[in-house]
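Chemist: Chains as they are written, first to last, in our numbering: chain E, -7 to 107; chain B, 4 to 116.
Backbone N, C-alpha and C define an ideal beta-carbon position, used for all residues, glycine too.
These figures come from a predicted structure and were not determined experimentally.
Structure below; questions to follow.
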């Protein structure tokens, strides 16, 4: 079990609404990445935050946005929810700047259902 | 752009039998390669990683994988399957210096008693 915690674990929203997902990174980690995992698919990279700034982005529209706070925790915000946004959202933390920066520690995810 | 293909979305083996999960990658430069396992209602756990050191990589829970550049493969094996190995397995690739992991579609491993 990792030290990465995500909240909430489950969430139900309706199309057009906005949602905020939260992630607390593992102690000592300064980088947070977010992934979307649709049912039956592998996770897809949304973006990464390092030093409170976006440090890389996947092929997701601007209505997916994020924040990283001074304590390295992070939020994922999704505006104007669409049915296809229904997925498991995974947060992963790591420590940039050391040999172990390749190792990501994943949380258990937030299951988002959009109706 | 790099990509990963996992051959077989579902693999079923008997307890005690060899486990072989196949992964092929596409990358213009030597990548880092990873295998992750996902148990129901849980996040991803790193099994092992290849980062240009030894081509045969040993991981947790008795799993190992061999990097074969000529075949662009990174297959995952375990000599003897255990019931607790039943899970979803993901192969992933990352370029050196890049931020993102690119995952395959996953292979669901079922263990028959």
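Please report the straight-line C-alpha distance between residue 7 of chain E and residue 54 of chain E, rounded to a whole angstrom.
Modeler: Going from the Cα of residue 7 of chain E to the Cα of residue 54 of chain E covers about 17 angstroms.
Chemist: Taking all protein chains shown into account, decide if residue 74 of chain B is buried (16 or more other Cβ within 10 angstroms of its Cβ) or exposed.
Modeler: By the 10 Å Cβ count, residue 74 of chain B comes out exposed.
Chemist: Relative to the C-alpha of residue 23 of chain E, which residue among E:78, E:104, E:15 is closest?
Modeler: Minimum Cα distance to residue 23 of chain E is reached at E:15.
Chemist: Taking Cβ-Cβ distances shorter than 9 angstroms, what residues in chain B pair up with residue 33 of chain E?
Modeler: Result: 106, 108, 109.
Chemist: Per DSSP, what kind of secondary structure is residue 5 of chain E in: helix, strand or coil?
Modeler: Note: residue 5 of chain E maps to strand in three-state DSSP.
Chemist: Could you tell me which chain B residues have their CB closer than 8 angstroms to the CB of residue 47 of chain E, listed as they occur along the chain?
Modeler: 102, listed in chain order.
Chemist: Which residues share a DSSP beta bridge with residue 27 of chain B?
Modeler: Beta-bridge pairing links residue 27 of chain B to B:8, B:76.
Chemist: When the Cβ atoms of the region 52 to 70 of chain E are set against those of the region 12 to 24 of chain B, are three or more pairs found closer than 8 angstroms?
Modeler: At 8 angstroms Cβ cutoff, the stretches do not touch.
Chemist: Thinking just about the alpha-carbon of each residue, which of E:85, E:50, E:78 is nearest to the one in residue 106 of chain B?
Modeler: Minimum Cα distance to residue 106 of chain B is reached at E:50.
Chemist: Taking the beta strand (DSSP E) that residue 57 of chain E belongs to, which residues open and close that run?
Modeler: First-last of the beta strand (DSSP E) with residue 57 of chain E: 56 to 60.
Chemist: Strictly under 8 angstroms for the Cβ-Cβ distance: is residue 101 of chain E near chain B by that measure?
Modeler: True, the Cβ-Cβ gap to chain B drops below 8 angstroms.
Chemist: Give the interface partners of residue 10 of chain E over in chain B, defined as CB-CB distance under 9 angstroms, in chain order.
Modeler: In chain order: nothing, as chain B lies at least about 24 angstroms away.
Chemist: Under the assumption that residue 7 of chain B contacts residue 68 of chain B (Cβ atoms under 8 angstroms), give the Cβ distance between them as a whole number of angstroms.
Modeler: Going by Cβ atoms, the distance from residue 7 of chain B to residue 68 of chain B rounds to 13 angstroms, so no, they are not a contact pair.
Chemist: Please specify which runs of the beta strand (DSSP E), each continuous and at least 3 residues long, are wholly inside the region 3 to 89 of chain E, giving them in chain order.
Modeler: 11 to 16, 23 to 29, 36 to 42, 45 to 49, 56 to 60, 66 to 70, 79 to 86, all fully within the region 3 to 89 of chain E.
Chemist: Could you give the first and the last residue of the continuous beta strand (DSSP E) run that contains residue 63 of chain B?
Modeler: Careful: residue 63 of chain B lies outside any beta strand (DSSP E) and carries neither H nor E.
Chemist: At a Cβ threshold of 8 angstroms, is residue 40 of chain E touching chain B?
Modeler: Yes, residue 40 of chain E lies at the interface with chain B (some Cβ there is under 8 angstroms from its Cβ).
Chemist: Taking only beta-carbon positions, decide if residue 11 of chain B is within less than 8 angstroms of chain E.
Modeler: Taking Cβ atoms only, chain E never reaches closer than 8 angstroms to residue 11 of chain B, which makes this a no.
Chemist: May I ask you to report which of helix, strand or coil DSSP gives residue 17 of chain B?
Modeler: If DSSP states are grouped into helix, strand and coil, residue 17 of chain B belongs with the strands.
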